[in-house]
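Novice:
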Amino acid sequence: MKFGEILSKAWKTIWKHKILWLFGILAGCSASGSGRASSNVNYSTSSNGYQDMPSFLGPEAQHSAEQFFRSLADVQAGVWVLVGVSIFILILAISFLSLMASTLGTTGVIKGTSMADQAAEDDKPLSFGMIFKGLKPHFWKVLLMTLIVNIGGFILGVILVIPILILTVCTFFLAGILMIPLGWFITTLVRFTTIAIVEENLGIIDAVKRAWNLLIKNLGNVAIMFLILGVGGTLLSMFLAIPIILSLLPVIINITSNGIEAVRGGVTLTLIFFAIALPIVIFLGGVLKAYVLSAWTLTYREITAETPLDPEVISLPKEKKEKS
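In our numbering, each residue's number is its place in the sequence shown (first place is 1) plus 3.
1) Span of the alpha helix (DSSP H) holding residue 4?
2) Does the region 245-252 touch the region 273-280, meaning 3 or more C-beta pairs lie closer than 8 Å?
3) Rounded to whole angstroms, what's the CA-CA distance from residue 155 to residue 126? Just pull it up for me.
4) Need the endpoints of the alpha helix (DSSP H) that residue 220 sits in, please.
5) How would you call residue 244, buried or exposed, if buried means at least 16 neighbouring beta carbons within 10 angstroms?
6) Between which residues of its own chain and residue 138 is the CB-CB distance below 6 Å, once the five residues before and five after are set aside?
7) So is residue 32 buried or exposed if we call it buried at 16+ other beta carbons inside 10 Å?
8) Where residue 120 and residue 96 are concerned, what is the direct C-alpha to C-alpha distance, given to the nearest angstrom?
9) If you draw a straight line from the C-alpha of residue 6 to the C-alpha of residue 238, how long is it?
10) Under 8 Å, do residue 293 and residue 27 count as touching if we go by C-beta distance?
11) CB residue 148 to CB residue 134, shorter than 8 Å?
12) Three-state secondary structure (DSSP) at residue 116?
13) So, is residue 136 buried or exposed, given that buried needs 16 or more other C-beta atoms within 10 angstroms?
14) Return the CA-CA distance between residue 177 and residue 163, expressed in angstroms with no decimal places.
15) Can you have a look at residue 196 and say buried or exposed, based on whether 16 or more other CB atoms are within 10 angstroms of its CB?
16) Could you tell me how far apart the beta carbons of residue 200 and residue 141 are, in whole angstroms, since I believe they sit closer than 8 Å?
17) Determine the extent of the alpha helix (DSSP H) in which residue 21 is found, giving its start and end residues.
18) Spatial neighbours of residue 18 within its chain, please: C-beta separation below 7 Å, excluding the five flanking residues on both sides.
19) Roughly how far, in whole angstroms, is the beta-carbon of residue 128 from the beta-carbon of residue 20, given that I think they are within contact range, below 8 Å?
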């Protein structure tokens, strides 16, 4: 497999067809967050019955925090239940919308890359309408497959988390190390299944079978590509997170200040820096996502060109066999 050629071609593809950047941004709308909130926080109480604030807070900041928690203590339990239910419904709605956006983006990058790979070099760049029209027959299948993977992964995670932790500790973390290639295989299988649905218009079950066969037959090449895109993508993602981390410095520094005005100033600066950094990080992250998905799609196309579909053996009826 020509890894350098695939990586170079993926960049040329998303550079010429910049609409794929938009689909990459949408693909980054992941709905796989846990969505859990824990209320099991223990506070030590002082003699006046209110929570002791952390000692690193300044006097004025500590006083304001105590007043805030004092006001929370006066809220009725029914109000907290209503707020909790409302937040839960809101999280579900946002998660589903994020999942739909992510599915649209992922399907769009895959379909757009496939269309660009089949087009002539002098053809015009793809438009949103062209890609959207091409992905529509596959969108709901990809969405259903993603839902099955997310829900199944969550259930398995809840069931297996404790046994895996026990096994990891009992084997001196050897089991945890062995889980890394298994996680890689499952991740790549899901990715290839998604591409198979879009690229070859297969059903979910047939796409899983197709992805499995391709992975088994091309395990070495796919592993090398995974290392290139996985390690490279992780390093670039960490680099893109630096502006977000730096935007938090003002409030982190000023939270230890003795003056509440200084803390407010730190929060204001953090919000300003965060508002500037966030769109840039989202945009660059979308371009990176489009590039990675484009590279995987081109990898899949090269593998399938070398590994055609297995021919089906059609048995003729007995009468036709006798006549022939």
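We treat Cβ as the ideally placed atom computed from N, Cα and C, and that holds for glycine.
Specialist: Put simply:
1) Position 1 of the sequence shown, counted from the start, is the residue given in the question as residue 4. Careful: residue 4 lies outside any alpha helix (DSSP H) and carries neither H nor E.
2) yes
3) The count along the sequence shown starts at 1 and reaches residue 155 at position 152. The count along the sequence shown starts at 1 and reaches residue 126 at position 123. About 42 Å.
4) Against the sequence shown, residue 220 aligns to sequence position 217. Taken as a continuous stretch (DSSP letters only), the alpha helix (DSSP H) holding residue 220 covers 207-220.
5) Here residue 244 refers to the residue found at position 241 when the sequence shown is read from its first residue. Under this definition residue 244 is an exposed residue.
6) The residue labelled residue 138 in the question sits at position 135 within the sequence shown. Counting only Cβ-Cβ distances below 6 Å, and skipping sequence neighbours, we find 110, 111, 114.
7) The residue labelled residue 32 in the question sits at position 29 within the sequence shown. Buried: at least 16 other Cβ atoms inside 10 Å.
8) The residue given as residue 120 occupies position 117 in the sequence shown. The residue given as residue 96 occupies position 93 in the sequence shown. If you take the alpha carbons of residue 120 and residue 96, they lie about 36 Å apart.
9) As a position in the sequence shown, residue 6 is number 3, starting the count at 1. As a position in the sequence shown, residue 238 is number 235, starting the count at 1. The alpha-carbon atoms of residue 6 and residue 238 are separated by roughly 19 Å.
10) Residue mapping note: residue 293 aligns to position 290 of the sequence shown, counting from 1. Residue mapping note: residue 27 aligns to position 24 of the sequence shown, counting from 1. In this structure, residue 27 lies closer than 8 Å to residue 293 by Cβ.
11) Translated into positions along the sequence shown, residue 148 becomes position 145. Translated into positions along the sequence shown, residue 134 becomes position 131. No, Cβ-Cβ distance for residue 148 and residue 134 is not below 8 Å.
12) In the sequence shown, counting from the first residue as 1, residue 116 sits at position 113. Here residue 116 sits in helix by DSSP.
13) Residue mapping note: residue 136 aligns to position 133 of the sequence shown, counting from 1. Residue 136 comes out exposed.
14) Along the sequence shown, one-based indexing puts residue 177 at 174. Along the sequence shown, one-based indexing puts residue 163 at 160. Their backbone Cα atoms lie some 17 Å apart in a straight line.
15) Translated into positions along the sequence shown, residue 196 becomes position 193. By the 10 Å Cβ count, residue 196 comes out buried.
16) The residue labelled residue 200 in the question sits at position 197 within the sequence shown. The residue labelled residue 141 in the question sits at position 138 within the sequence shown. At roughly 5 Å, the Cβ-Cβ gap stays under 8 Å, so residue 200 and residue 141 are in contact.
17) Along the sequence shown, read from residue 1 onward, the residue named residue 21 stands at position 18. From DSSP, residue 21 is part of no alpha helix (DSSP H); its letter is neither H nor E.
18) Numbered from 1 along the sequence shown, position 15 holds the residue referred to as residue 18. Closer than 7 Å at Cβ, skipping near neighbours: no residue.
19) For this step, residue 128 is matched to residue 125 along the sequence shown. For this step, residue 20 is matched to residue 17 along the sequence shown. Indeed, because the Cβ distance is near 5 Å, the residues count as touching under 8 Å.
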